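Data block below; observations after.
In the working numbering, the protein residues as written are 108 to 350.
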């Protein structure tokens with residue numbers, strides 16, 4: 108089964124993906140993890156890094172469809188690896204997948220054109236590139252104020268690193284650079300992306316999905332262990348299927 112972990116920048120996707128991988132293996136499942144974009148692995152990831160560093164211009168200067176096609180191409184270049192892993196493992200975990208493209212690029216499209224834009228990206232990724240559809244998408248609902256704080260604690264983003272093999276799929280460790288990427292530095296944009304994820308949920312473009320609230324009822328951030336337990340519960344329930 109393919110499980111995608113989604114959320115805005117700083118929501119803990121990478122942490123939860125790794126914790127899910129570890130938990131699945133503890134439970135006797137064969138599992139692997141793949142993070143997107145595949146920096147230093149795919150040709151298109153080089154262009155994605157340049158886009159995120161602002162080499163193509165400011166965020167409002169880069170057409171959403173152009174950016175969306177770059178991220179989709181990165182997954183297409185990784186398709187053979189994805190399919191081999193799905194054939195080999197009980198669980199394949201995606202740290203970002205198609206929904207990230209829909210949310211981050213769709214948030215930059217005018218409301219009247221947004222549904223058509225999302226349809227175009229969905230057709231590109233699932234019909235033209237024929238990428239596998241997730242059996243479950245988990246949205247880590249992290250308030251932007253928390254995500255910004257976590258991003259600042261984590262430091263700046265990077266797009267060059269040494270390869271680390273997790274399962275049989277390449278993931279990358281981060282090395283600091285001198286600034287945030289053009290997504291992370293824009294608070295207004297992160298709010299728009301958060302809202303866009305909920306538009307996708309409402310329209311069933313992320314179905315089947317589960318929303319994982321990262322904030323307690325008292326307004327405090329939940330521990331990563333607490334969130335990980337809910338993530339595993341959702342995955343385990345999906346494994347069981349309808350009773």
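Even glycine gets a Cβ: it sits at the ideal position worked out from N, Cα and C.
Here the structure is a predicted model, which is why all the values come from computation and not from measurement.
Compute the distance between the beta-carbons of residue i and residue j, then report whether it is under 8 Å.
i	j	result
residue 109	residue 125	no
residue 254	residue 340	no
residue 331	residue 122	yes
residue 298	residue 251	yes
residue 247	residue 321	yes
residue 338	residue 319	yes
So if DSSP puts residue i in a beta bridge, which residue, or which two residues, is it bridged to?
i	result
residue 137	Partner(s): none; residue 137 has no beta bridge.
residue 322	328
residue 199	109 and 139
residue 317	245
Reducing DSSP to helix, strand and coil, say where residue i ends up.
i	result
residue 299	helix
residue 217	coil
residue 209	helix
residue 294	helix
residue 246	strand
residue 165	coil
residue 193	helix
Within a Cβ cutoff of 7 Å, which residues of the same chain sit near residue i, ignoring the five residues on either side of it in sequence?
i	result
residue 144	152, 155, 178 and 181
residue 216	171 and 224
In its own chain, which residues sit with a C-beta less than 8 Å from the C-beta of residue i, not counting the 5 before and 5 after it?
i	result
residue 242	108, 109, 110, 315 and 345
residue 237	186
residue 233	205 and 240
residue 364	Outside the shown range of the chain (108 to 350) lies residue 364, about which nothing can therefore be said.
Can you give the Cα-Cα distance for residue i and residue j, rounded to whole angstroms?
i	j	result
residue 115	residue 210	9 Å
residue 167	residue 131	41 Å
residue 198	residue 133	13 Å
residue 207	residue 113	7 Å
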